[in-house]
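These notes are about the structure you will find just below.
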């Protein structure tokens, strides 16, 4: 009986020492974590730190490799993840923006608007809204300017901020030429 208790104690210690801790999930290489994500979630369904580690690894991989399939994988795990939703909507909007017809621009504007509602502190969606308005109707100065101005009031990386300022100035110049012509 004593030996049985002793063996059970040793087995329990081995099992507990082999179970990954929160720290060990984050220390796993992202490739390993993602390759085994389904089985890890099945084994540890009540470990939010595991789910977070997998989501963070997928988000990192998506950003690093510009891999939008990873954002879709994040949404399978966490359907309301705002980062994944934002980047998917931005990508969808850019795809519509590449189309030449006006309906494509309306769909782009809708997609960028949804992205701006999800993360409302970023100016990039408004910049793209402005570009879509400009492409849809090059004489629609007001909505385009409004979108560019809104983007400048929000966070923009320096390189994009400079791009917005250049686009805005070119649009103002075109607007002034147009207004002077019709005076």
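Residue numbers (our numbering): 1081 to 1263.
We treat Cβ as the ideally placed atom computed from N, Cα and C, and that holds for glycine.
These numbers come from a predicted model, not from an experiment.
Item: Closer than 8 Å: residue 1187 CB and nearest the ligand FAD heavy atom; Value: With respect to the ligand FAD, the structure shown offers nothing to examine, as it has no ligands at all.
Item: Cβ-based burial, residue 1205 [other Cβ within 10 Å; buried from 16]; Value: buried
Item: Assigned exposure category for residue 1261 - 16 Cβ within 10 Å defines buried; Value: exposed
Item: Distance between residue 1171 and residue 1248 (C-alpha atoms, nearest Å); Value: 23 Å
Item: Bridge partners - residue 1235, DSSP secondary structure assignment; Value: 1202
Item: The stretch 1190-1203 touching the stretch 1229-1243, judged by at least three CB pairs closer than 8 Å; Value: yes
Item: Span of the alpha helix (DSSP H), counted from its first residue to its last, around residue 1218; Value: First-last for residue 1218: undefined, no H or E at that position.
Item: Cβ neighbour criterion (16 or more within 10 Å) applied to residue 1152; Value: exposed
Item: Classification of residue 1214 by the beta-carbon crowding that lies within 10 angstroms, buried from 16 upward; Value: buried
Item: Sub-9 Å separation of residue 1195 and residue 1166 beta-carbons; Value: yes
Item: Secondary structure of residue 1179, DSSP reduced to three states; Value: coil
Item: Cβ-Cβ distance between residue 1168 and residue 1192 below 9 Å; Value: no
Item: Burial state of residue 1177, where buried means 16 or more other Cβ atoms lie within 10 Å; Value: buried
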